[in-house]
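See below for the structure under consideration.
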Amino acid sequence: MKSKYLFFSVCLALGSILADTHLLYSMGTEHADKLSELRYKSGHGDAEAQYKLGVLYASGKGLTQDYSQAIKWWHLAADQGNAEAQYSLGVMYGTGNGVKQDDSESDNWLQLSAKQGYAPAQKLLNKLKEKQ
């Protein structure tokens, strides 16, 4: 099942995550201030900031790439119901990128994200069903 996740997850996730990365990285000279603000908000429980900080760690844009930090921040955001973070965790667990590959954990996070109407999660789950 890992190979199914790998192809579809990478295709779908890259579009979503790269778009977020571009948005965050395009902050230009304000980058340091925005990063400081993201860290502050993340540390104070802001789920959207936690998700975005995870994106920066996963992409290595503006920060040293660190999947364990990305996973940490996405877990915090996902536990608060952030659909994008739930999707990102689903992809990471499905591919084994940054965490031990776990289809059950991947499916759990993708289902949570899809139930909130997050289209990339819905599309990925549909593609995976078609491949079964």
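Residues -19 to -1, 1 to 113 in mature numbering (1 follows the signal peptide of the UniProt record, and there is no 0) are what the sequence shown lists, from first letter to last. Just so you know, even glycine gets a beta-carbon here, dropped at the ideal spot from N, CA and C. Note that the structure is predicted; figures quoted are calculated from it, not measured.
For residue i, report the span of its alpha helix (DSSP H) as first-last.
i: N107; result: 100 to 112
i: G75; result: 64 to 76
i: D84; result: 84 to 96
i: K81; result: That residue, K81, is in no alpha helix (DSSP H); it is neither H nor E in DSSP.
i: L16; result: 12 to 24
i: K53; result: 48 to 60
i: L44; result: Neither: L44 is in no alpha helix (DSSP H) and is coded neither H nor E.
I'd like the list of long-range same chain contacts for residue i, defined as Cβ closer than 6 angstroms, with 5 residues on each side in sequence excluded.
i: G71; result: S87, W90, L91
i: D47; result: Y38
i: L44; result: L37, Y38
Going by beta carbon distance, what residues of the same chain come within less than 8 angstroms of residue i, once the five residues before and after it are set aside?
i: I52; result: G35, L70, M73, G79, V80
i: E111; result: none
Which residue wins for smallest C-alpha separation from residue i, given the options the options?
i: D27; options: A13, L109, A58, E111; result: A58
i: K33; options: L19, N107, P101; result: L19
i: A100; options: Q67, D83, L37, Q82; result: Q67
i: K65; options: Q103, Q50, S49, T45; result: Residue 65 is actually Glu in this sequence, not Lys. Among Q103, Q50, S49, T45, the Cα nearest to that of E65 is on Q103.
i: N63; options: K96, Y48, H12; result: K96
i: L93; options: E29, L106, Q82; result: L106
Could you pull out every residue in the same chain whose Cβ sits closer than 7 angstroms to the Cβ of residue i, ignoring the five residues on either side in sequence?
i: H56; result: L70
i: S23; result: A30, Q31, L34, W54
i: Q113; result: none
i: Q50; result: Y38
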